[in-house]
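**Student:** FYI, the numbering for the sequence shown is 1 to 232, going by the numbering used here. C-beta atoms are modelled at their ideal positions from N, C-alpha and C, and glycine is treated no differently. Quick one: the structure is below, and I'll ask about it shortly.
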Amino acid sequence: MAIVIRVAYNNKDWKARCEKPGQDSLCWYCFTHILDIQAPKYDDVECSGDCWEQHLRNDYKWGCTPKGRIFGPNAYRGATVFLVFKQRNGNYTIWGKTTVNAVDAEVVQSDKDYEDGFAFIRFKPFDPLTRDKWVTDVSDKQLVVTKWLQGRYRYVDANQEKYLNRLIEGGASYQDAEPVVIHNEIKKTEGTVLNTTVTQHIYTLLKEIAAEEGRSIDEIVREAIAGWLRSR
Numbered sequence: 001m002a003i004v005i006r007v008a009y010n011n012k013d014w015k016a017r018c019e020k021p022g023q024d025s026l027c028w029y030c031f032t033h034i035l036d037i038q039a040p041k042y043d044d045v046e047c048s049g050d051c052w053e054q055h056l057r058n059d060y061k062w063g064c065t066p067k068g069r070i071f072g073p074n075a076y077r078g079a080t081v082f083l084v085f086k087q088r089n090g091n092y093t094i095w096g097k098t099t100v101n102a103v104d105a106e107v108v109q110s111d112k113d114y115e116d117g118f119a120f121i122r123f124k125p126f127d128p129l130t131r132d133k134w135v136t137d138v139s140d141k142q143l144v145v146t147k148w149l150q151g152r153y154r155y156v157d158a159n160q161e162k163y164l165n166r167l168i169e170g171g172a173s174y175q176d177a178e179p180v181v182i183h184n185e186i187k188k189t190e191g192t193v194l195n196t197t198v199t200q201h202i203y204t205l206l207k208e209i210a211a212e213e214g215r216s217i218d219e220i221v222r223e224a225i226a227g228w229l230r231s232r
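In structure tokens:
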């Protein structure tokens, strides 16, 4: 399990207030009032807004939202964290990767407004990817397998974590994550026919497992669904 965190862009490497945000096209999201932050002004020389992003690589932490909540069991020490920011075209740029170092069990009481009442996951110190290593124009479905509407973070499974690592390392193409409909693979045996859509890399894994075990994809999918239902 890994965590993908959606942050705003910061032109000071996520460790200080942005410089001239009104003149930096990548700072566009901060002016939309979609984020629950104090927005900057277009004529700021130094950003007058307040956000977690300007503290991220000083404090190495990110809060659970909405305020007052704590992270669930999917956030744990050692989990991989991918950091992304949203582009104006609606896609995402992967700019950083780190590991969870600790998870707050309760909300923080602090005299700092941006901390008080929030619980945080705390990261191992890290540097951003160099700009030539940024992975740009990644759609939400390529990033977290589903459309990303609200919320600042999403959990992804081990297969998606491997795929995102391959993107960063340059070993995967964006097309690998395009959805594939496998309705023709899940054949009617008894009961209702299930149509489903998976990403390309998951479909590839299913084919490899099916070939290795000498079974059909529909058998493997039915077994996985049954196992998941039993564990609930």
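1. Rounding to the nearest angstrom, what Cα-Cα distance links residue 120 and residue 70 in this structure?
2. With DSSP collapsed to three states, give me the class of residue 232.
3. Quick one: what's got a C-beta closer than 7 Å to residue 38's C-beta in the same chain, skipping five residues either side?
4. For residue 79 and residue 66, what's the separation of their Cα atoms in angstroms?
5. Does the pairing of the stretch 146-158 with the stretch 123-137 give three or more beta-carbon distances under 8 Å?
6. I'd like the span of the alpha helix (DSSP H) that includes residue 57, first residue to last.
7. Just curious, the beta strand (DSSP E) that residue 163 is in, first and last residue?
8. Taking buried to mean at least 16 other C-beta atoms within 10 Å of its own C-beta, is residue 188 buried or exposed?
9. In the structure shown, what three-state DSSP assignment does residue 144 receive?
10. Label residue 184 either buried or exposed according to how many other C-beta atoms from any shown protein chain fall within 10 Å of its C-beta, with 16 as the threshold for buried.
11. Report back the beta-carbon spacing between residue 209 and residue 83 to the nearest angstrom; my notes put them in contact at under 8 Å.
12. Who pairs with residue 96 in a beta bridge, going by DSSP?
13. By Cβ distance, which residues of its chain are closer than 6 Å to residue 29, with the 5 residues on each side in sequence left out?
14. Distance check for residue 132 and residue 211, CA to CA, integer angstroms please.
15. Looking only at its own chain, which residues have a Cβ that is under 6 Å from the Cβ of residue 42, when we skip the five neighbours before and after it?
16. What do you get for residue 102, buried or exposed, if any count of 16 or more other CB atoms within 10 angstroms of its CB means buried?
17. Does the stretch 134-150 come close enough to the stretch 107-119 to have 3 or more Cβ pairs within less than 8 Å?
18. When you compare each of 163, 164, 62, 162 to residue 104 by their alpha carbons, which one comes out closest?
19. Nearest-angstrom Cα distance between residue 31 and residue 40?
20. Measure the CB-CB distance between residue 53 and residue 10 and report whether it falls below 8 Å.
21. Could you compute how far the alpha carbon of residue 64 sits from the alpha carbon of residue 215?
**Tutor:** Concretely, from the data shown:
1. Position 120 of the sequence shown holds residue 120. Position 70 of the sequence shown holds residue 70. Cα-Cα distance, rounded: 8 Å.
2. Against the sequence shown, residue 232 aligns to sequence position 232. Here residue 232 sits in coil by DSSP.
3. Residue mapping note: residue 38 aligns to position 38 of the sequence shown, counting from 1. Contacts found: 49, 50.
4. Indexing the sequence shown from 1 puts residue 79 at position 79. Indexing the sequence shown from 1 puts residue 66 at position 66. The alpha-carbon atoms of residue 79 and residue 66 are separated by roughly 21 Å.
5. no
6. For the purposes of this step, residue 57 is taken as residue 57 along the sequence shown, with counting starting at 1. Its alpha helix (DSSP H) spans residues 56-59.
7. Along the sequence shown, one-based indexing puts residue 163 at 163. Where residue 163 is concerned, there is no enclosing beta strand (DSSP E), although the alpha helix (DSSP H) it sits in stretches over 158-169.
8. Looking up residue 188 in the sequence shown gives position 188. Summary for residue 188: the model assigns pLDDT 49, below 50, so the residue's position carries little reliability; its value from the coordinates is reported in the next sentence. With fewer than 16 other Cβ atoms within 10 Å, it is exposed.
9. Your numbering for residue 144 matches position 144 in the sequence shown. Helix.
10. Counting from one through the sequence shown, the residue named residue 184 turns up at place 184. Because residue 184 sits at a pLDDT of 49, beneath the cut-off of 50, its placement in the model cannot be relied upon, and the point is left open.
11. For the purposes of this step, residue 209 is identified with residue 209 of the sequence shown, where counting begins at 1. For the purposes of this step, residue 83 is identified with residue 83 of the sequence shown, where counting begins at 1. About 31 Å; that fails the 8 Å criterion.
12. Position 96 of the sequence shown holds residue 96. Paired residues: 83.
13. As a position in the sequence shown, residue 29 is number 29, starting the count at 1. Result list for residue 29: 8, 86, in chain order.
14. In the sequence shown, the residue the question calls residue 211 occupies position 211. In the sequence shown, the residue the question calls residue 132 occupies position 132. Approximately 38 Å between the Cα atoms of the pair.
15. Counting from 1 along the sequence shown, the entry for residue 42 is found at position 42. So the list reads 22, once near-sequence residues are dropped.
16. Residue mapping note: residue 102 aligns to position 102 of the sequence shown, counting from 1. By the 10 Å Cβ count, residue 102 comes out exposed.
17. no
18. By one-based count along the sequence shown, residue 104 stands at place 104. Of the listed residues, the one whose Cα sits closest to residue 104 is 62.
19. Reading the sequence shown from its first residue, position 31 is the one you call residue 31. Reading the sequence shown from its first residue, position 40 is the one you call residue 40. Their Cα atoms are separated by approximately 7 Å.
20. Taking the sequence shown and counting its residues from 1, the one referred to as residue 53 is at position 53. Taking the sequence shown and counting its residues from 1, the one referred to as residue 10 is at position 10. In this structure, residue 10 lies closer than 8 Å to residue 53 by Cβ.
21. Position 64 of the sequence shown, counted from the start, is the residue given in the question as residue 64. Position 215 of the sequence shown, counted from the start, is the residue given in the question as residue 215. Taking the straight line from one Cα to the other gives about 43 Å.
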